[in-house]
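Encoded as structure tokens, the structure appears first; notes follow it.
Residue numbers (the numbering used here): 17 to 216.
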């Protein structure tokens with residue numbers, strides 16, 4: 017987490033055209049109605065929707081709010097940011113399985129929902145900045161398959177279905193991408209989701 021001019025300038029990844037319709041337009045209209053202080057608070061490091069940025073300044077979370085602040089003339093580059101590094105923790109699948117297994121079904125569902133949200137942020141790394149194009153379509157496809165497994169398992173947990181995947185199989189399937197960078201990002205997201213559950 018850091019702020020100041022020593023950081024690269026923030027770069028929104030969403031093109032302007034995205035705000036013309038649909039969900040992005042609704043989100044933009046919502047944030048335009050919020051006070052500058054409320055927007056800044058929502059971007060604070062450690063908050064659920066913190067400003068999360070790649071080392072090169074690409075915004076992975078907070079694009080619409082940053083757009084609104086820019087429209088208001090606010091110097092967004094002085095905001096503190098959480099840096100989303102390429103390198104994640106060393107992956108210890110057995111430790112992650114044990115942490116996940118130790119949770120109640122309700123807590124497991126919460127972790128998986130948090131993970132699902134985290135993976136939407138990971139997926140944004142595949143976007144071409146300020147363009148509707150995608151740089152890494154294969155990564156998005158893999159993330160979609162992981163999301164499918166996660167949401168299916170959440171439904172099984174909520175329905176107390178006894179035939180759901182055992183914890184070690186589920187965690188292994190989530191952490192299986194053969195792309196080393198994506199595997200690191202998914203492992204980091206999983207670890208982050210587990211640690212946030214412990215704090216919540």
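A virtual CB, placed ideally from N, CA and C, is assigned to each residue, including glycine.
Counting every other CB atom within 10 Å of its CB across the protein chains shown gives residue 143 a total of 16 or more, marking it as buried.
In its chain, beyond the 5 residues on either side, 210 have a beta carbon closer than 6 Å to the beta carbon of residue 115.
Proximity of the stretch 115 to 126 to the stretch 161 to 180 meets the contact definition, three or more beta-carbon pairs being nearer than 8 Å. Taking the CA atoms as reference points, residue 56 sits about 8 Å from residue 95. Annotation: residue 93 is outside any alpha helix (DSSP H) and is labelled neither H nor E by DSSP.
Relative to the Cα of residue 148, the nearest Cα in the group 31, 42 and 25 belongs to 31.
In the DSSP secondary-structure assignment, residue 77 is bridged to 68. Considering only 99, 156, 88 and 40, the residue with the shortest C-alpha distance to residue 66 is 99. For residue 43, the closest C-alpha among the options 73, 83 and 206 is that of 83. One Cα belongs to residue 78, the other to residue 51, and the distance between them is close to 15 Å. Secondary structure note for residue 171: its alpha helix (DSSP H) is the uninterrupted segment 153 to 174. If you compare the alpha carbons of 62, 186 and 71 with that of residue 212, the shortest gap goes to 62.
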